[in-house]
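The structure appears right after this line, and notes come after that.
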Amino acid sequence: MKTLTVEAATMAYGRDRPVLQNVSLSAVPGKMLAVTGPSGAGKTTLLWTMAGLIRPAPGRVAVDDTPLRDRDHAVAERVVLIPQDNALAPVLTAEENIQVALIAAGVPAAEARRATVECLTLLGLEGQAEQLVEELSGGQQQRTAIARGLALRGEILLADEVTSELDATNRQRVLDLLRAEAQRGAAVVLATHDPDAAAACDGEVYLSHGIAQFVR
526 MKTLTVEAAT
536 MAYGRDRPVL
546 QNVSLSAVPG
556 KMLAVTGPSG
566 AGKTTLLWTM
576 AGLIRPAPGR
586 VAVDDTPLRD
596 RDHAVAERVV
606 LIPQDNALAP
616 VLTAEENIQV
626 ALIAAGVPAA
636 EARRATVECL
646 TLLGLEGQAE
656 QLVEELSGGQ
666 QQRTAIARGL
676 ALRGEILLAD
686 EVTSELDATN
696 RQRVLDLLRA
706 EAQRGAAVVL
716 ATHDPDAAAA
726 CDGEVYLSHG
736 IAQFVR
């Protein structure tokens, strides 16, 4: 399994708008790292940078010491991002959203179908598999996005506020599934406002005023 490192990275939108400054951290196999902080602190920006969607300047993001060039490179390195906005196609069903992602990743169709059923069942969505995403509740959409992320079997899993729409039972279900991903060897990073979710992780980085501080 792989380690993702962020090294002295500054992330900015425009020349005079740094969101995060001189951030360094590592996501290591078998561990869950929480990224916490107030709204607007840069949690999503950090995860997007780790996913290859934003290039730091200066600094770098690397997987096993190989600098990430862009999102395509990150995907090739099996960096999976579960985004905060879910990024589901509303006119496809829950199962179609997952199968399309798997087939695009090179998974054979039969294996994609099997993995889709398995992951929807893990998230308690077997009854919603054939429903259009636009017909699902916010929590069901969030769980569908999580199921898609799990089905991709990444070596590095970046989860952005994936429990925000969930009740207590489903929140615990998701935390248990993220822990299972770490136990199979993935490096898991969870951006969250939820102190209980953060406490379930092995370490925590707190973002405030553009600075990252290790809490534990």
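Residue numbers (the working numbering): 526 to 741. No residue lacks a Cβ here, since even glycine has one placed at the ideal position from N, Cα and C.
- Under the three-state reduction of DSSP, Gln-546 is assigned to strand.
- Ala-566 has its alpha-carbon roughly 31 Å from the corresponding atom of Arg-709.
- Taking the Cα of Leu-661 as reference, the smallest distance to any Cα among Ala-640, Ala-637 and Leu-617 is reached at Leu-617.
- The C-alpha of Ile-736 is placed about 38 Å away from the C-alpha of Val-625.
- In the DSSP assignment, Thr-561 falls within the beta strand (DSSP E) that extends over 557-561.
- By the neighbour-count definition (other C-beta atoms within 10 Å, threshold 16), Val-586 is a buried residue.
- Per the DSSP secondary-structure output, Arg-696 pairs with nothing in a beta bridge.
- The residue among Ala-634, Pro-608, Gln-609 and Asp-610 with its C-alpha nearest the C-alpha of Glu-620 is Ala-634.
- If you check the CB distance, Ala-533 and Pro-583 come in under 8 Å.
- Residue pairing for Arg-585: DSSP places it in a beta bridge opposite Glu-532.
- DSSP places Ala-737 in the strand class (E or B) of the three-state scheme.
- In the structure shown, the three-state DSSP call for Gly-663 is helix.
- Straight-line measurement puts the Cα of Gly-728 at about 7 Å from the Cα of Met-557.
- It is roughly 13 Å from the alpha-carbon of Ala-601 to the alpha-carbon of Leu-529.
- Considering only Ala-705, Leu-613 and Val-553, the residue with the shortest C-alpha distance to Met-526 is Val-553.
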